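A.B. asks: Below: one structure in structure tokens.
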Amino acid sequence: MLYPIIALIIGFIVLVWSADRFVIGAAATAKNFGMSPMLIGLTVVSFGTSAPEILVSTMAATTGAGGLAIGNALGSNIANIGLVLGVTALIAPLPVKSKVLKQEVPLLVAVTLLAGFVLYDLYLGRFDALLLCAALLLCLYLFARFQRDAGDDESEDDEELPDLPTNRAILWLVIGLLLLAGSSRLLVWGATEVALALGVSELIIGLTIVAIGTSLPELAASVASALKGHTDIALGNVVGSNIFNIAAVMAVPGLLAPITLDFEVLWRDYGVTLGLTLLLAVLALIQKPPRISRVEGGFLLTAYIAYLVLLYTMSV
């Protein structure tokens, strides 16, 4: 167990450090290119932290395991809202700006409803995948339009962004992203090996360590953003990542190898995804001013734990 334990320690240290560098690079890049922190969280940060899921879905679809790709997309969205956003809000409550409520969060709800439409017949084909890809292009267009229409309201953002030259900001952005992906995989391997050595079943490992491990980049980036006061990047990361997971990650198996799904994928996994997405929208509207408080973060985290319990009870 020596090497897995070393991998755990090194992976955790690199994960924390790379998340800090990644957020600094992302925030400085946003400032230098005139982008709002929310926009770069919705695009650059969210796409980067969703890259592992896209790779896993591609490999799964090409090896005849398309169902794994669908589960990967839905499971990541559940973890992003329940685990990532829950833990982030527990550490630093997240103020939710009115524009997010009126634009990005409803857009996530719409994309999630579209996913239910394409999965309703328990078949994901190329036409379904093309619909999802079209939704992704529309979302990217709307993100850019929201940025142009933000006007003075976004320019008055009270978040202090780091002052770095553009080339150095992009360098930290890329290095941070690569190290985030690598360190998260190292952590998952180390934790899995330790769990196996302690006699923990592969089922429990898959439902807990691996599921949490695939969301480590989002978790690290969001927590680091919140601690630095860049709450727009933290929230934008989760919202944008979930949109990418549905419109890009879930589209992969439909494009490469259309598949038939089990009914439980629709009612259990998609049902929880939709429920948490709607819950996020509702929770963000409760507080005045709008924010996701520590209590609500704890509620989201509890909902995620309940989902893991449901998975375990159905699998034994």
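Under numbering that gives the first Met the number 0, the letters of the sequence shown match residues 0 to 315, in that order. Note that beta-carbon positions come from the ideal geometry of N, C-alpha and C, so glycine has one too. Owing to the predicted nature of the structure, the values given are computational and were not obtained by experimental measurement.
1. Taking Cβ positions, are valine 44 and alanine 72 nearer each other than 8 angstroms?
2. Under the assumption that valine 264 contacts isoleucine 90 (Cβ atoms under 8 angstroms), give the Cβ distance between them as a whole number of angstroms.
3. Note down the Cα distance separating glutamate 155 from arginine 147, rounded to an integer number of angstroms.
4. Would you say the beta carbon of threonine 42 comes nearer than 7 angstroms to a heavy atom of the ligand ZN?
5. Between which two residues does the alpha helix (DSSP H) containing proline 216 stretch?
6. Take arginine 290 and list the residues in its own chain whose beta-carbon comes closer than 8 angstroms to its own, dropping the five residues that flank it on each side.
7. Here's the rule: buried if 16 or more other CB atoms are within 10 angstroms of the residue's CB, otherwise exposed. What is proline 3?
8. Across which residues does DSSP place threonine 395 in a beta bridge pair?
9. In or out: alanine 233 buried (at least 16 other Cβ within 10 Å) or exposed?
10. If isoleucine 242 sits next to valine 110, beta carbons under 8 angstroms apart, how far is it from one beta carbon to the other, in whole angstroms?
11. Looking at C-alpha atoms only, which residue of Trp188, Ile258, Ala78, Val173 is the closest neighbour of threonine 301?
12. Please determine, among Ala305, Val294, Val86, Glu192, the residue with the shortest C-alpha to C-alpha distance to valine 271.
13. Which two residues bound the contiguous alpha helix (DSSP H) that contains glutamate 192?
14. Strictly by DSSP, which residues pair up with tyrosine 122?
15. At the 8 angstroms Cβ level, is phenylalanine 243 part of the contact set with chain D, yes or no?
16. Taking the straight line between their C-alpha atoms, what separation do you get for glycine 253 and threonine 191?
C.D. replies: Taking the structure as given:
1. Numbered from its first residue, the sequence shown carries residue 44 at position 45. Numbered from its first residue, the sequence shown carries residue 72 at position 73. At the C-beta level, valine 44 and alanine 72 stay beyond 8 angstroms of one another.
2. Looking up residue 264 in the sequence shown gives position 265. Looking up residue 90 in the sequence shown gives position 91. The pair is not a contact, with the Cβ atoms about 32 angstroms apart (cut-off 8 angstroms).
3. Within the sequence shown, residue 155 is the residue found at index 156, counting from 1. Within the sequence shown, residue 147 is the residue found at index 148, counting from 1. Model confidence at glutamate 155 stands at a pLDDT of 44, short of 50, so the residue's coordinates are unreliable; what they give is reported in the following sentence. Glutamate 155 and arginine 147 have their alpha carbons spaced roughly 14 angstroms apart.
4. Among the components modelled here there is no ligand, and therefore nothing to report on the ligand ZN.
5. Taking the first residue of the sequence shown as 1, we reach residue 216 at position 217. In the DSSP annotation of this structure, the continuous segment of the alpha helix (DSSP H) that includes proline 216 starts and ends at 215–226.
6. As a working note, residue 290 is residue 291 in the sequence shown. Pro92, Leu93, Pro94, Val95, Ala283, listed in sequence order.
7. By one-based count along the sequence shown, residue 3 stands at place 4. By the beta-carbon neighbour count (other beta carbons within 10 angstroms, threshold 16), proline 3 is buried.
8. Look at the range of the chain in this structure, 0 to 315, and you will see that residue 395 is not part of it.
9. Mapped onto the sequence shown, residue 233 falls at position 234. Alanine 233 sits buried, since 16 or more C-beta atoms from the chains shown fall within 10 Å of its C-beta.
10. Against the sequence shown, residue 242 aligns to sequence position 243. Against the sequence shown, residue 110 aligns to sequence position 111. Their Cβ separation, rounded to whole angstroms, is 5 angstroms, which keeps isoleucine 242 and valine 110 in contact under 8 angstroms.
11. Translated into positions along the sequence shown, residue 301 becomes position 302. The residue with the shortest Cα to Cα distance from threonine 301 is Ala78.
12. As a working mapping, residue 271 is identified with position 272 in the sequence shown. Checked all of Ala305, Val294, Val86, Glu192; the closest Cα to valine 271 is Ala305.
13. If you number the sequence shown from 1, residue 192 lands on position 193. For glutamate 192, the uninterrupted alpha helix (DSSP H) segment begins and ends at 165–196.
14. As a first step, residue 122 is located in the sequence shown; it is residue number 123 there, counting from the start. Paired residues: Thr259.
15. You won't find chain D in this structure, because it holds only one protein chain.
16. Start at 1 with the first residue of the sequence shown, and residue 253 comes out as number 254. Start at 1 with the first residue of the sequence shown, and residue 191 comes out as number 192. CA-CA distance, glycine 253 to threonine 191, rounds to 30 angstroms.
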